[in-house]
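Undergrad: Residue numbers (this note's numbering): 222 to 521. For every residue, glycine included, the Cβ atom is placed at its ideal position computed from N, Cα and C.
Printed below as a string of structure tokens:
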């Protein structure tokens, strides 16, 4: 009887909603799952399309080929430095700015707000940005990857909403009565209560720096300063070049096929290696992330 009542309580909307959620989850999760099983499978099996569901002929050949690349570790080192310092730089600028923008009594508050909002819709473009970096002497410098962009306006708005909605103004008023300055209110009240939004922005900015490819391609010329994404691109291109060169000789067709399969396996291993650090870090920030993204979702 209980099962019948439960079935009667399930609506068509619930069925469709559950189906769509499962379908979307599968569409998001399967590509990463496929990269993992393909990277640990024999490259020949991957090339033959036999690794759709599970690992075929377990092999570490793709990872052995990648480990031999000294450029990979240089790229990892550079990207870790760019991500840590760049994220810290972004937070140091974004959090205080978001706090200040909650103060309606600040002179020219509306004008300054519109100044920042305008940057969300009208950007300088590639050439002006390059000329700015050139005038600042940041071309082919690691600083271009760190201080290239200070504040993301969307992230600033999210942080401002957190300070405005999640921290009671009565706390500030009590601090003002006790003689606290704005700086002390920020450092002693707002900042300690801002752990959720700091975690959210750390994730946002960190992912942006970790996946940064365009800035490195535009501003960095020396290989010793390359971020991980540029290094991975070079590794893939070099392996494809070997395959093309081998194709010119009829006698080396087997070698060409082996190189093609090896390049295919390396491609999936590279994707997994580039994604793994973010997948490892996210669970530690998840509880703060869930709280931070719900800012303003419930009133009252």
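Which of the three DSSP states, helix, strand or coil, is assigned to residue 371?
TA: Residue 371: coil per DSSP, three-state reduction.
Undergrad: From residue 274 to residue 255, what does the alpha carbon distance come to, in whole angstroms?
TA: Using only the alpha carbons, I get a separation of about 8 Å.
Undergrad: With distances taken from CA atoms, which of 366, 374, 340 is nearest residue 351?
TA: Comparing Cα positions, the closest option is 366.
Undergrad: Got a sec? Which residues, its chain only, sit under 7 Å from residue 430 by beta carbon, not counting five neighbours each side?
TA: Only 303, 304, 307, 308 meet the Cβ criterion.
Undergrad: From what residue to what residue does the alpha helix (DSSP H) around residue 287 run?
TA: Run containing residue 287: 282 to 288, per the alpha helix (DSSP H) assignment.
Undergrad: Any chance you could list the alpha helix (DSSP H) runs of at least 4 consecutive residues sitting entirely within the region 296 to 357, in chain order?
TA: Listed in chain order, they are 330 to 342, 347 to 356.
Undergrad: Have a look at residue 231 and residue 239 and give me their C-alpha separation to the nearest angstrom.
TA: Taking the straight line from one Cα to the other gives about 11 Å.
Undergrad: Taking one C-beta from the region 333 to 347 and one from the region 274 to 287 each time, how about it: are there three or more such pairs within less than 8 Å?
TA: Short answer: they don't touch.
Undergrad: If you reduce the DSSP assignment to three classes, tell me which class residue 437 lands in.
TA: Of the three classes helix, strand and coil, the one that applies to residue 437 here is helix, per DSSP.
Undergrad: Which term fits residue 355, buried or exposed, when burial requires 16 or more other beta carbons within 10 angstroms of its beta carbon?
TA: With fewer than 16 other Cβ atoms within 10 Å, it is exposed.
Undergrad: Excluding the five sequence neighbours on either side, which residues of its own chain have a C-beta within less than 8 Å of the C-beta of residue 287, listed in chain order?
TA: If we look at residue 287 and ignore the five residues flanking it on each side, its Cβ neighbours are 293, 456, 487, 490, 491, 494.
Undergrad: Whole angstroms are fine: how far does the CA of residue 485 sit from the CA of residue 277?
TA: Taking the straight line from one Cα to the other gives about 15 Å.
Undergrad: Taking residue 453 and residue 297 to be in contact with their CB atoms under 8 Å, please state how far apart those CB atoms are, rounded to whole angstroms.
TA: Actually they are not in contact, since the Cβ atoms of residue 453 and residue 297 sit about 10 Å apart, beyond 8 Å.
Undergrad: State the CB to CB distance for the pair residue 371 and residue 314, rounded to an integer number of angstroms; the pair is presumed to be in contact (CB under 8 Å).
TA: Rounded, the Cβ-Cβ distance is 5 Å, consistent with contact.
Undergrad: Residues in the same chain with beta-carbon distance under 7 Å from residue 381, minus the five sequence neighbours each way, listed in chain order, please.
TA: These residues qualify, in order along the chain: 319, 322, 323.
Undergrad: Under a three-way DSSP split, which group does residue 401 fall into?
TA: Residue 401 falls in the coil class under three-state DSSP.
Undergrad: What distance in whole Å lies between the Cβ atoms of residue 392 and residue 418, which are believed to be in contact at a cut-off of 8 Å?
TA: Not confirmed; about 16 Å, so no contact.
Undergrad: Roughly how many whole angstroms lie between the Cα atoms of residue 384 and residue 415?
TA: Rounded to whole angstroms, residue 384 to residue 415 spans 8 Å at the Cα level.
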